[in-house]
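Protein chains in written order, with our numbering: chain A, 1 to 112; chain B, 1 to 118. Ideal Cβ positions, reconstructed from N, Cα and C, are used throughout, including at glycine. Below you'll find the structure, written out as structure tokens, and then a few comments.
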């Protein structure tokens, strides 16, 4: 039973434009959401997170939006850079120190 | 500060053999997690240690998998005997905090061990 879903397996965007990655979840008990970035042959690297009590969190070029009523979150990358080409995973957890549940990932390719 | 390290980076074994994966968490991190990614799908949770104790092993697929964390430091994950469906990338992660309220810690991942069972 997959509780975190990323329905777009891939996304291609031009350098300088905005990348928008989407994530849906089904478990209303999730209280914290995270985005991880993964390069080939490396482990996932933490990117940005958001608590369920907020609807937006921004860090530089990265902004995460949370819509609890729709059980949906998105990651915006502005402007997109070639180094952003990677697989992005959405993850969620129900308690502070518990397991993460991941989506299947979205492969982002930023073209010049 | 050294990150999470995993050994080996790759392992190729035959069905029925035994393999042991090792994870060294970031120094001082009480929480240690094992995850697995199979065939490019989602990363799935296997188990969670707090220091040397198993906090949650709900993701362990079956009793062919045995995880230990001696002395609350490094951890090993043994697969015995290995089956074809065990192939995948095994990730270890660690985070700070051992008590509720202290643990909004980010999980930091190691590079993974790619296991291939032939």
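Give the residues from the segment 21-49 of chain A that approach chain E closer than 8 Å (Cβ to any Cβ), ordered along the chain. Given the protein chain composition of this structure (A and B), no chain E is represented.
Shorter than 9 Å from the beta carbon of residue 45 of chain B to some beta carbon of chain A? On the second chain, position 45 is the one that residue 45 of chain B refers to. True, the Cβ-Cβ gap to chain A drops below 9 Å.
Please confirm if residue 17 of chain B has its CB atom under 9 Å from at least one CB of chain A. Sequence index remark: in the second chain, residue 17 of chain B carries index 17 (1-based). So no, residue 17 of chain B is outside the interface.
Endpoints, beta strand (DSSP E) assigned at residue 92 of chain A: Looking up residue 92 of chain A in the first chain gives position 92. 86-93 is the span of the beta strand (DSSP E), which, as asked, contains residue 92 of chain A.
Whose C-beta lies closer than 7 Å to the C-beta of residue 110 of chain A among residues of the same chain, with five residues either side of it excluded? For the purposes of this step, residue 110 of chain A is identified with residue 110 of the first chain, where counting begins at 1. Within the same chain, residue 110 of chain A has close Cβ partners 13, 15, 80, 81, 82, 84 and 85.
Check whether the segment 31-38 of chain A touches the segment 87-99 of chain A, counting contact only when three or more Cβ pairs, one atom from each stretch, lie closer than 8 Å. yes
With a threshold of 16 other CB atoms inside 10 Å of the CB of residue 86 of chain B, please say whether the residue is buried or exposed. If you number the second chain from 1, residue 86 of chain B lands on position 86. Result: buried.
Could you name the residues of chain B that residue 103 of chain A contacts, counting a contact when the two beta carbons are closer than 8 Å? Translated into positions along the first chain, residue 103 of chain A becomes position 103. By Cβ distance, chain B contributes 42.
Taking Cβ-Cβ distances below 7 Å as the criterion, which residues of the segment 84-99 of chain A are in contact with chain B? Within the segment 84-99 of chain A, contact with chain B at the beta-carbon level (separation under 7 Å) is assigned to 89, 96, 97, 98 and 99.
Cβ pair residue 98 of chain A, residue 4 of chain B closer than 9 Å: In the first chain, the residue the question calls residue 98 of chain A occupies position 98. In the second chain, the residue the question calls residue 4 of chain B occupies position 4. In this structure, residue 4 of chain B does not lie closer than 9 Å to residue 98 of chain A by Cβ.
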